[in-house]
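Q:
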Amino acid sequence: MATSDYAAVSFDDSDTRRDEMHSTITEWVDDLVESVDDAQTSEEFQAWLDVQRQFHDYSYRNTLLIKRQCPEATRVAGYRTWQNEFDRHVKEGESAIWIWVPIIARQCPECENSPNYHENIDCNYDESPPEEWSKGLVGFRPAPVFDISQTEGEDLPSLDTSAEGDAETLLPAVLDAAEDVGVEVELVSTGEWIYGDAKGVCRESPDGGFPIVEVLRRDNDAAMASTVVHEYAHARLHVGIDDDTERSKREVEAEAVAYVVGRQFGLDMDGSAFYLATWERDDADVIRERLKRISRTSQTLIQHINENYDTSDTQ
1 MATSDYAAVS
11 FDDSDTRRDE
21 MHSTITEWVD
31 DLVESVDDAQ
41 TSEEFQAWLD
51 VQRQFHDYSY
61 RNTLLIKRQC
71 PEATRVAGYR
81 TWQNEFDRHV
91 KEGESAIWIW
101 VPIIARQCPE
111 CENSPNYHEN
121 IDCNYDESPP
131 EEWSKGLVGF
141 RPAPVFDISQ
151 TEGEDLPSLD
161 TSAEGDAETL
171 LPAVLDAAED
181 VGVEVELVST
191 GEWIYGDAKG
201 VCRESPDGGF
211 PIVEVLRRDN
221 DAAMASTVVH
231 EYAHARLHVG
241 IDDDTERSKR
251 EVEAEAVAYV
261 VGRQFGLDMD
271 GSAFYLATWE
281 RDDADVIRER
291 LKRISRTSQT
301 LIQHINENYD
311 TSDTQ
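In terms of our numbering, the sequence shown has 106 at position 106, counting the first letter as 1, and numbering is strictly consecutive.
1. Assuming S298 and V260 make a contact with CB atoms under 8 Å, what is their CB distance in whole Å?
2. Going by the beta-carbon positions, is the gap between S295 and H22 smaller than 8 Å?
3. Using DSSP with H/G/I as helix, E/B as strand and the rest coil, what is D268?
4. Cutting at 7 Å between CB atoms, please list the residues of its own chain near T151, excluding the five before and the five after it.
5. Within its chain, find whatever has a CB closer than 6 Å to the CB of E251; leave out the 5 residues flanking it on each side and keep chain order.
6. Thinking just about the alpha-carbon of each residue, which of L301, E44 and F45 is nearest to the one in E179?
7. Going by alpha carbons, who is nearest to F140 out of T169, V201, I103 and S272?
8. What is the residue span of the alpha helix (DSSP H) that T373 lies within?
9. Which residues share a DSSP beta bridge with W28?
10. Identify the continuous alpha helix (DSSP H) that holds D176 and give its terminal residues.
11. Is K91 helix, strand or coil by DSSP?
12. When burial is assigned at 16 or more other CB atoms within 10 Å of the CB, is D313 buried or exposed?
13. Taking the alpha carbon of V213 as the reference point, which residue from R247, N220 and A177 has its own alpha carbon closest?
14. Note the first and the last residue of the continuous beta strand (DSSP E) segment covering D319.
15. Are G271 and D166 closer than 8 Å when you measure CB to CB?
16. What separation, rounded to the nearest whole angstrom, lies between the Cα atoms of V76 and F146?
17. With DSSP collapsed to three states, give me the class of V296.
18. Kindly provide the ranges of any alpha helix (DSSP H) runs that are 4 or more residues long and lie completely inside the segment 27–61, ordered along the chain.
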């Protein structure tokens with residue numbers, strides 16, 4: 001995707017500001033939808049998708065097991081899979097993450113057990129020999145897997161999802177808006193980051209206070225500002241919602257807010273299209289269907305950031 005030359009937009013006239021902001025945000029959301037569709041058909045995205053398809057989708061039970069043993073895990077696979085499929089090797093001394101994997105074997109049509117268990121429970125079925133039985137799930141066994149952080153070797157295809165632009169003045173304004181937004185925010189160094197490939201997280205406070213936003217500290221101020229806004233959107237829209245089926249839609253809303261706010265302050269937000277392309281969408285209109293929530297949250301965050309934003313350095 002070509003890099004866009006975005007310029008900050010001004011809504012100076014208080015009498016028409018609300019209508020102008022709404023129409024502009026609607027236009028930008030249309031741009032985002034079109035960009036996401038383009039991103040999904042790009043060669044870069046297809047190469048990334050081909051690799052992702054080789055990773056299993058784990059059951060809720062296995063996901064819990066993985067997170068309990070390795071909270072920062074993002075992509076897990078077996079020892080041989082890392083070697084044979086991805087040309088990566090598990091580092092010496094790494095501890096395995098144990099999950100349950102299905103046992104597929106021939107099943108007795110009556111007791112639905114494998115031949116060995118069928119014999120042990122004295123099932124009387126004898127209408128066909130075991131070699132003619134159909135295969136099916138007969139149980140589970142523990143198996144070791146390893147997270148990508150426990151391996152080394154060839155890099156996996158990645159997508160550039162970072163915002164770009166001059167955010168030296170914007171980033172402090174975004175951070176200073178935390179209290180107005182109603183969150184606590186902290187930039188965390190790479191050495192202390194425990195959330196794997198994620199660049200930011202929003203979690204509920206353990207003592208019932210403001211939601212806590214943590215963002216990975218990095219050199220790109222624009223990317224950090226965008227990530228903070230993304231997590232602000234989660235805090236405004238999604239704290240207290242615990243529904244995995246809504247996860248992709250929540251990400252669509254949060255990143256669309258980050259896209260709108262970033263564009264408002266002159267950042268290049270092309271990376272948002274790749275970010276959203278990685279999330280399954282019901283159809284191209286799912287972003288538009290949530291436009292009211294996106295628009296309302298974007299306007300609120302823009303207002304809070306503007307109160308701390310010194311535009312003199314951007315003119």
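Glycine included, each C-beta is placed from N, C-alpha and C at the ideal position.
A: Based on what the coordinates show:
1. 4 Å
2. yes
3. DSSP, reduced to helix, strand and coil, places D268 within a strand of the structure shown.
4. W82, R88, H89, V90 and K91
5. W279
6. L301
7. Ranking the options by Cα distance to F140, first place goes to I103.
8. Outside the modelled stretch of the chain, which goes from 1 to 315, sits residue 373, for which no answer is possible.
9. W28 is not bridged to any residue.
10. L170 to D176
11. Of the three classes helix, strand and coil, the one that applies to K91 here is coil, per DSSP.
12. Confidence in D313 is poor, its pLDDT being 47 and thus under 50, which makes the residue's placement too unreliable to answer from.
13. A177
14. Residue 319 lies beyond the range of the chain shown here (1 to 315); nothing can be said about it.
15. no
16. 5 Å
17. Inspection of the sequence shows that residue 296 is occupied by Arg rather than by Val. Three-state DSSP puts R296 in a helix.
18. 43–52
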